[in-house]
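Notes to accompany the following structure.
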Amino acid sequence: MLSHFISLKIVVYTMSAQPQPTIDIKGFQEKFQSIYLRSYRLNFEQDGQAREFDLTLRHSSVATLLYHKDRNQFLMVRQFRPAIFVSRILKMEENRGKTVHDVDWKKYDREIGYTRELCAGLVDKDIPLIDIAREEIDEECGYNVSNDMIRWISSFVVDSGHPQHLFYTEIDDSHKSHEGGGNNHEGEFIYQVWLSEEEARNHLISSDPRSAPGLLYALEWWFSSDYKKESPIPSPYSIPSSGALSPLQSIRFTPNPPTTKFTPVRMLFDINGMTRTWDMAPCPDSAAVLIYNRDEEKLVMNRRFRPAFQLFSSAEVDINQRIRYDIPLLILVLLQGVAVESIDYSKYPQEWAYSLELCSGHRQGEETAKSCAIRNATERCGYRIEDGKLRHLTKAILGISQGGDKEDIYYVECGNGDKIDGWKDPQDFTVICLTRSEITSLLSAQLAPCPPSVLYALKWFLNHIN
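Per our numbering, the very first residue in the sequence shown carries number 170; after that it's consecutive.
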């Protein structure tokens, strides 16, 4: 067990004072064509039943954990995220029921929208992922590194189906080429943040670190000393199945469907006098719980039906661990205007339509995060959870670019006596139990069929639970 988790101290993370550009919000648009996100209603037939799912198509991304060997510090970035700002303010009690057009945005501190992140960027061009990661390190942080210095950590898929790719790079003073800060001519104002190892540990144990789960997973990976080990050769991974998977048939899409769940909006704002826009689709917050059955010595999770996974996710890692974007469907659809209906989805394996997830779900109405986690454990995993047994791990920002939503992640230990008699898997959810060795296999998958919050929770479990 790592020393920094011997104490169960709860740390509330506060960002130190940093320079801020002047941000003036001009308004919002609801009808627009975006190259960054696109909403669809997916209609299909499965087992003879007509079904529909709403989904938002977004770009894939890369992110890199940077460690400066001369300074013994992590280099991260801090920037204003419009989706975080809008989502947090809309969810305040005083704004419940309001639209983006009804809120007095001027009265809110812009600090609400700032986050701490890894050096990252979108996969918005069809070049090797490692090249995109290298370009972002130079542009945002001002360090010139070679491809052979960039080490792959993991690739995974988020709920909208787009893959994300995580890297690690060690730098020193000799690699410094300029001050970084992003492309100011395009309205990017990115500030560098240096964290000592102790500060990074405190960031990990914060109850609200204002960071994405990919950053938290990267730090758990580093503090487990995995950066000192040889990277395992990525291998294919399939979610354990308890039965045949039903194929999707008669697939069709409706663009920009009427929905109250994901409504894309475009924010118009000035930043230091430069006019910019930001496309987003604010999402409700959620709660998740990692359940460990002590009697069976297994983690209890969900295999969840996520049709967007099959339709839009694809990445490949070759034997030299050089990653490339293999089938750039997101680029084709978002940037080149290819119709989603023209893509032959039948060639993709049916298992790609399923993800491995924590017992999780969106909060309903005035429901607290803890109550939501308990309800999810009951409804989706069949376990009766006592309030006092839940241990809060973190509050991670899932939609750091466009959703703005946060997820409270909990851990709980149960036994067979906590199972609910007669409980059955609900539609689209199947309970999957994993041993420690199966977790290790998942963490080295060439494309883990799960979001980064799952990888963070699993790595936390391996690092801290005996």
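For glycine and all other residues, C-beta sits at the position ideal for the given N, C-alpha and C.
These numbers come from a predicted model, not from an experiment.
Do you know how far the Cα of Arg445 is from the Cα of Phe358? Stepping through the sequence shown from its first residue, residue 358 is reached at position 189. Stepping through the sequence shown from its first residue, residue 445 is reached at position 276. Phe358 and Arg445: Cα-Cα distance of roughly 12 Å.
Check whether the segment 453-473 and the segment 575-586 are in contact - that is, three or more C-beta pairs closer than 8 Å. Contact between the segment 453-473 and the segment 575-586 is present, with at least three C-beta pairs closer than 8 Å.
Would you call the segment 264-274 and the segment 229-238 in contact, with 3 or more CB pairs under 8 Å? no
To which residues does DSSP link Glu526 through a beta bridge? Working through the sequence shown from its first residue, we reach residue 526 at position 357. Glu526 is bridged to Asn471.
Run through DSSP, which three-state label would Met436 get? Stepping through the sequence shown from its first residue, residue 436 is reached at position 267. Residue state, collapsed to three classes: strand.
Skipping 5 residues on each side, what residues in its chain have a beta carbon closer than 6 Å to that of Arg421? Your numbering for residue 421 matches position 252 in the sequence shown. Taken in chain order, the residues that qualify are Asn212.
Is the segment 604-617 in contact with the segment 384-403, if contact means three or more CB pairs nearer than 8 Å? Touching, yes, given that three or more Cβ pairs across the two stretches are closer than 8 Å.
Report buried or exposed for Asp495, applying the criterion of at least 16 other Cβ atoms within 10 angstroms of its Cβ. Residue 495 sits at position 326 when you count from the first residue of the sequence shown. Here Asp495 scores only 41 on pLDDT, less than 50, and its place in the model should not be relied on; the value that follows carries that caveat. So Asp495 counts as exposed.
CB contact flag (Ala457, Ile543, <7 Å): For the purposes of this step, residue 457 is taken as the residue at position 288 of the sequence shown. For the purposes of this step, residue 543 is taken as the residue at position 374 of the sequence shown. Contact check for Ala457 against Ile543 fails: the beta carbons are separated by 7 Å or more.
Mind the definition here: the segment 275-288 touches the segment 242-249 only if three or more C-beta pairs lie below 8 Å; say whether that holds. yes
Which residues bound the beta strand (DSSP E) around His362? Your numbering for residue 362 matches position 193 in the sequence shown. Just to set this straight, residue 362 is Val in the shown sequence, not His. Element bounds for Val362: 360-365.
Helix, strand or coil for Ala456? Go by DSSP, reduced to three states. Residue 456 sits at position 287 when you count from the first residue of the sequence shown. Residue state, collapsed to three classes: strand.
Give the DSSP-derived three-state secondary structure of Tyr205 in the structure shown. Walking along the sequence shown from the start, residue 205 turns up at place 36. Reduced to three states, the DSSP call for Tyr205 is coil.
Using only the alpha-carbon positions, how far apart do Gly573 and Lys398 sit? The sequence position of residue 573 within the sequence shown is 404, counting from 1. The sequence position of residue 398 within the sequence shown is 229, counting from 1. Looking at the two C-alpha atoms, the distance is approximately 35 Å.
Unbroken stretches of the alpha helix (DSSP H), 4 residues or longer, contained in the segment 377-418: 382-392
Exposed or buried, which one is Arg227 when buried takes at least 16 other CB atoms within 10 Å? As a position in the sequence shown, residue 227 is number 58, starting the count at 1. When all chains shown are included, Arg227 counts as buried.
What first and last residue would you give for the beta strand (DSSP E) that runs through Pro621? Counted from its first residue, the sequence shown places residue 621 at position 452. Pro621: not part of any beta strand (DSSP E); member of the alpha helix (DSSP H) spanning 621-633, first to last residue.
Hey, would you say the C-beta of Gly351 is under 6 Å away from at least one heavy atom of the ligand ZN? Ligands displayed in this structure: none; no statement on the ligand ZN is therefore possible.
Alpha-carbon spacing of Ile194 relative to Ile634, whole angstroms: The sequence position of residue 194 within the sequence shown is 25, counting from 1. The sequence position of residue 634 within the sequence shown is 465, counting from 1. Approximately 46 Å, taken between the alpha carbons.
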